[in-house]
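Visitor:
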Amino acid sequence: MTDIFVPVTHGPAARERARHLLEDGVITHPNLPKVDYEDGRCWLRPLPRTVGRYIHGMLFLADWHRTYLDAEDPHQPESVLTVADMFLRWKDVAPQVDDSSMAYHDETTGQRLMQLVRFLDDHWHALDDERLAGLTELANSTAGLLMDDSFHAGLNNHGMLQDLALLRYAAGGKWFASQLELERVIDCSVARLEEYFTRAFARDGAHVENSPGYHLMVARFLRDALPVLRQLEAPASDLLTDIYHRAERFAVHSILPNGYLAPLGDTKVARVRNTGHRDTFAGQAYRYAISEGADGVQPTEATAVFPDSGYAFHRTSWSDPNAYQITFKAAYLSQYHHHNDDLALTLFGRGRWLLTEAGPYGYEYDNPLTKYAFSQFAHNTVVVDGRSLPRVDKSPGGVSLEDLGAGPDARCLHVRGVNTRSASATHAREVAVDQAGEDLAVTVTDTLESADELDHDYEVLWHVGPGVHTFLRSHGVELYVAGEKALEMVWSADVPLSVSLERPSASGRVRAMRFPKFGDHRPGTVVRIRLRGVNASLRTTIRNSQWFYRDWGVAAPRSPWRTWQDDVPVNYLLETNPASKNLVVAFSAMAPDGSFTYNYKRLLDGLPVNRLYVLDDFGEGGAYYFSDHRSTHIRDAVTRLVQSVMNRCSIPLERVAVVGSSKGGSAAIIHGTNLKVGRIVVGAPQVNIGFHVSRNRPNIQEFMAGGTTSEDAEWLDRIIPEALGDIDPETRLDLVVGTRDHHLKRHVPDLVDALTRRGHQHWTVHEVDGLTHSDIGPAFRDFAQDQLLDWIQEHEGSPFDGLALVGTDSGLEVALPGIAPSQSAEIRLLRGEKVVERVPYRRGLRSWRFVGLAAGVYRARVYVRHEGTETRQAMTTNRVTWGG
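So, in structure tokens, the structure goes:
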């Protein structure tokens with residue numbers, strides 16, 4: 047009955063590993079590095095903890111019991127002696143082993159005793175007296191060590207394994223002359239096991255050691271121990287039976303839609319039905335969960351909260367393999383296997399991780415990867431002042447979960463976790479889940495309160511699943527799977543924030559790593575949101591549909607749009623023209639919340655310039671490319687983007703123009719004056735930004751200025767007048783506005799006043815009769831095209847410079863000396879109003895002769911087109927009388 051405690055493997059792979067040791071002297075494991083046996087010298091070498099546990103615990107013998115040690119195996123006699131000598135060799139070298147090794151590690155010692163007793167029970171009769179005496183002494187001394195309270199690991203799974211080893215020892219056969227007093231061994235192990243199993247599971251049925259994987263492991267050992275405890279008439283047998291049955295509910299909800307366990311704590315990534323836990327529980331709901339619906343009965347609960355153990359789960363469907371599952375963890379009940387994942391939320395959907403955790407790496411506590419895996423940086427948590435909390439404190443605690451109850455309508459989960467472990471700040475995370483049909487919305491509210499009334503840096507981390515494409519915005523991120531949008535996160539805060547995508551760097555600091563299995567590390571992607579303040583609040587909404595961000599084609603995986611990573615991400619589209627040393631930067635006009643697109647592409651496509659389109663996807667509805675709660679890091683990031691493009695394309699400031707209408711016009715003035723560019727071309731801009739947004743878009747006012755008071759509006763109203771006060775004397779500003787546009791009277795006078803007070807000379811205001819603000823688009827395109835063509839010609843000259851039609855003895859010649867090599871020209875020769883000859887577009891066409899002409903009065907109409915554009919310019923030559 048107690049042999050079930052002893053790990054045993056079988057099959058071809060187990061036999062091959064056993065053969066490798068028997069014939070080649072090499073200890074192997076499916077995932078760990080190979081170790082040369084070297085006549086037992088392997089036990090004297092310093093080894094990684096996981097490897098040391100494996101070889102000092104004799105766990106490799108699990109491969110032998112049903113292969114080379116089996117009674118039917120022809121190699122059994124020699125194999126029995128080989129194994130006996132390995133135990134005796136360990137016994138000889140153990141006193142020489144460094145105290146820091148795994149030789150006398152608590153749980154490893156128990157594992158070694160279980161393997162030894164199993165071996166002796168099966169093969170004692172095949173041993174000579176000397177070998178049997180040596181192994182008997184080793185078994186008895188090991189049992190005595192495990193009985194010693196000072197060596198006992200305590201109320202944790204290591205102590206449990208020590209006590210299960212004692213039970214297995216007590217059930218040993220008649221292979222030695224003098225056992226320890228069996229009754230004392232049994233009483234000690236049973237009392238300890240009763241206390242451990244009673245305390246190992248919280249009242250709600252979940253194991254306290256911070257890991258679904260260890261929940262299954264301990265539940266399985268409890269299942270296996272129950273028959274032994276009943277036979278021994280342990281007083282707590284009925285209570286432990288009830289605990290075992292309650293543990294099944296947690297196990298069901300911890301299994302993902304793909305049949306795996308979430309990598310929380312030290313949980314190893316594995317499909318449950320392919321492990322020994324396929325039968326840890328026998329219930330119909332458990333069978334359904336591990337078989338992904340192929341067996342058993344579908345669970346009745348889609349949502350489950352375990353407030354005592356600190357877990358909350360919600361699953362959108364039990365029958366859909368693409369279902370989404372949310373897991374929230376908020377408890378620190380034990381030191382063992384605890385990671386700094388307190389208040390971490392993960393999300394699995396569409397058959398893969400969308401928001402995940404780094405996962406466990408190993409137990410080599412000096413290894414930087416192991417340290418990272420345990421730290422807050424490896425989990426979807428909040429880090430204070432750039433330093434992770436320690437893995438464990440002097441005693442567990444400081445983290446709690448409150449079930450706020452499901453609400454009406456679509457609200458199916460509402461919980462609040464609190465982490466008070468940090469001496470600097472308290473973190474509370476409220477999670478509300480709403481589901482309507484297949485539409486899922488998760489609202490995460492992080493509240494951070496300083497414990498010392500000082501400013502602190504707060505970092506909110508979200509680990510993105512492998513193979514998921516991200517498109518980052520200043521206040522959100524879109525996640526794509528196989529080219530299709532799978533998830534969206536949108537956040538807002540009551541303080542300025544910055545956001546970045548973090549990936550592994552060469553700095554030596556371990557960040558943004560993931561661990562698909564123990565000892566295996568891969569690069570990951572982490573969304574990092576940073577806030578600073580005494581207190582701060584961040585609200586994040588996660589959706590799998592009903593998107594906030596409208597699809598304008600900028601976020602898709604193969605989109606030409608790129609992200610400039612700064613204090614905030616700036617999304618841009620750069621179209622270069624190697625033949626030009628001019629750059630035009632286009633800023634977008636106002637649009638509905640979440641509908642972030644760009645304007646005037648058709649206008650700029652027709653110009654021989656480098657073109658830079660910048661999205662104003664800051665906050666819910668844009669920020670005039672300027673501020674977040676009065677922090678101007680948005681403006682500064684956009685400035686650095688433009689400067690980087692200028693450097694890349696070797697473009698001087700005087701050959702940079704900024705354009706935009708309405709909000710885009712305001713942004714053009716802000717950035718044109720800040721950068722001190724050569725040209726600003728705008729249509730009907732809002733000069734008094736506060737006046738405008740306080741009446742039309744108060745959410746933009748709140749985002750930019752931090753509030754919706756009149757003082758906040760006044761702060762916004764000062765932005766452009768102050769910018770114009772610093773305009774470069776050589777910058778030219780041209781503005782177009784309609785006579786029926788309210789901007790003409792409400793905004794333009796303040797612009798004129800600011801320029802006049804500055805004494806600025808280079809500006810014009812063009813009024814278009816009858817034009818309203820809603821009609822500014824087409825009028826601005828025409829206006830901007832004319833202004834920009836003039837500006838281009840100022841720097842590059844006009845292609846029509848020197849254009850002339852001259853008579854020769856044989857006919858007429860068109861001279862076009864001003865055309866650039868990158869330009870194409872078409873010439874139409876007219877006699878009167880009739881086109882008599884046509885030369886189609888030719889690149890670099892600088893002259894053309896027409897011969898064999900009839901007498902008459904001629905002129906030429908010349909069209910010039912810039913390479914890569916559709917816009918053309920035209921000019922007619924002088925008239926020439928020829929012939930007659």
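Residue numbers for the sequence shown follow our numbering, beginning at 47 and rising by one.
Even glycine gets a Cβ: it sits at the ideal position worked out from N, Cα and C.
Just to confirm my understanding: we take residue 230, look at its own chain, exclude 5 residues before and 5 after, and list those with CB closer than 6 Å. What are they?
Guide: Contacts found: none.
Visitor: In angstroms with no decimal places, state the Cα-to-Cα distance between residue 223 and residue 186.
Guide: For residue 223, the predicted structure reports a pLDDT of 47, less than 50, and the residue's modelled location is therefore unreliable. The matter cannot be settled from this model.
Visitor: Assuming residue 459 and residue 349 form a contact by the criterion Cβ under 8 Å, report the distance between their Cβ atoms to the nearest whole angstrom.
Guide: Right, the Cβ-Cβ distance comes to about 5 Å (below 8 Å), so this counts as a contact.
Visitor: Excluding sequence positions up to five away, which residues of its chain have a Cβ less than 8 Å from the Cβ of residue 606?
Guide: So the qualifying residues of the chain are 619.
Visitor: Suppose you measure from the CA of residue 524 to the CA of residue 517; what does that come to, to the nearest Å?
Guide: Distance between the alpha carbons of residue 524 and residue 517 is about 5 Å.
Visitor: So what does DSSP say about residue 115, is it helix, strand or coil?
Guide: DSSP places residue 115 in coil when its eight states are reduced to three.
Visitor: Name the two residues that bound the continuous alpha helix (DSSP H) containing residue 35.
Guide: Outside the displayed range of the chain (47 to 930) lies residue 35, so it cannot be described from this structure.
Visitor: Apart from the five residues on each side of it in sequence, which residues of its chain come closer than 7 Å, Cβ to Cβ, to residue 551?
Guide: Here the set comprises 557.
Visitor: By Cβ distance below 8 Å, which residues in the same chain neighbour residue 743 in space, the five residues on each side in sequence not counted?
Guide: 636 and 667.
Visitor: Excluding the five sequence neighbours on either side, which residues of its own chain have a C-beta within less than 7 Å of the C-beta of residue 471, listed in chain order?
Guide: Result list for residue 471: 430, 494, 495, 496, 497 and 502, in chain order.
Visitor: When we look at the beta-carbon of residue 58 and count the other beta-carbons within 10 Å, is it buried (16 or more) or exposed?
Guide: Exposed, because fewer than 16 other Cβ atoms sit within 10 Å of the Cβ of residue 58.
Visitor: Here's the rule I'm using: 16 or more other beta-carbon atoms within 10 Å means buried, otherwise exposed. How should residue 400 be labelled?
Guide: Counting Cβ neighbours within 10 Å, residue 400 comes out buried, since at least 16 surround it.
Visitor: With respect to the beta strand (DSSP E) encompassing residue 438, which residues constitute its N-terminal and C-terminal limits?
Guide: Careful: residue 438 lies outside any beta strand (DSSP E) and carries neither H nor E.
Visitor: Count Cβ pairs between the region 778 to 792 and the region 742 to 760 that sit closer than 8 Å; are there 3 or more?
Guide: At 8 Å Cβ cutoff, the stretches do not touch.
Visitor: Return the Cβ separation of residue 864 and residue 846 in integer angstroms, given the expectation that the two are a contact with Cβ distance under 8 Å.
Guide: Indeed, because the Cβ distance is near 6 Å, the residues count as touching under 8 Å.
Visitor: Can you tell me the Cα-Cα spacing of residue 727 and residue 830, whole angstroms?
Guide: Answer to the nearest angstrom: the Cα atoms are 6 Å apart.
Visitor: Which residue or residues does DSSP assign as beta-bridge partners of residue 563?
Guide: Residue 563 pairs with 566.
Visitor: State the DSSP-derived secondary structure class of residue 836, mapped to helix, strand or coil.
Guide: Note: residue 836 maps to helix in three-state DSSP.
Visitor: How many angstroms separate the CA atom of residue 95 from the CA atom of residue 481?
Guide: Taking the straight line from one Cα to the other gives about 45 Å.
Visitor: CA-CA distance, residue 927 and residue 875?
Guide: One C-alpha to the other measures close to 13 Å.
Visitor: If the criterion is Cβ atoms closer than 8 Å, does the pair residue 416 and residue 402 meet it?
Guide: No, Cβ-Cβ distance for residue 416 and residue 402 is not below 8 Å.
Visitor: Using the C-alpha atoms, what's the distance from residue 112 back to residue 56?
Guide: Whole-angstrom Cα-Cα distance: 6 Å.
Visitor: Among residues of its own chain, excluding the 5 on either side of residue 956, which ones have a beta-carbon nearer than 7 Å to its beta-carbon?
Guide: Here the chain comprises residues numbered 47 to 930, so residue 956 is not present and cannot be evaluated.
Visitor: For residue 799 and residue 824, I'd like the C-alpha separation in whole angstroms.
Guide: About 27 Å.
Visitor: Can you give the Cα-Cα distance for residue 60 and residue 109, rounded to whole angstroms?
Guide: Rounded to whole angstroms, residue 60 to residue 109 spans 5 Å at the Cα level.
Visitor: Would DSSP call residue 223 helix, strand or coil?
Guide: For residue 223, the predicted structure reports a pLDDT of 47, less than 50, and the residue's modelled location is therefore unreliable. The matter cannot be settled from this model.
Visitor: Identify whether residue 645 lies in helix, strand or coil by the three-state DSSP scheme.
Guide: Here residue 645 sits in coil by DSSP.
Visitor: Can you give me the start and stop residues for the beta strand (DSSP E) that residue 472 sits inside?
Guide: Taken as a continuous stretch (DSSP letters only), the beta strand (DSSP E) holding residue 472 covers 471 to 482.
Visitor: With a threshold of 8 Å, are at least 3 pairs of Cβ atoms found where one atom belongs to the region 585 to 600 and the other to the region 530 to 538?
Guide: Touching, yes, given that three or more Cβ pairs across the two stretches are closer than 8 Å.
Visitor: To the nearest angstrom, how far is it from the Cα of residue 64 to the Cα of residue 581?
Guide: Spanning the two alpha carbons is a distance of roughly 60 Å.
Visitor: Given that a residue counts as buried once 16 or more other Cβ atoms are within 10 Å of its Cβ, and exposed if not, what is residue 246?
Guide: Buried, because 16 or more other Cβ atoms sit within 10 Å of the Cβ of residue 246.
Visitor: Per DSSP, residue 844 forms a beta bridge with which residues?
Guide: Answer is none; residue 844 lacks a bridge partner.
Visitor: Expressed to the nearest angstrom, what Euclidean distance is found between the alpha-carbon atoms of residue 489 and residue 738?
Guide: Going by the C-alpha atoms only, they are around 31 Å apart.
Visitor: What's the gap between the Cα of residue 352 and the Cα of residue 251?
Guide: Looking at the two C-alpha atoms, the distance is approximately 8 Å.
Visitor: Judging by CA-CA distance, which residue of 643, 395, 436 and 137 is the nearest neighbour of residue 411?
Guide: Of 643, 395, 436 and 137, the residue nearest in Cα terms is 436.
Visitor: Are the region 313 to 325 and the region 353 to 360 in contact at 8 Å, needing three or more beta carbon pairs?
Guide: Result no; under three Cβ-Cβ pairs closer than 8 Å.
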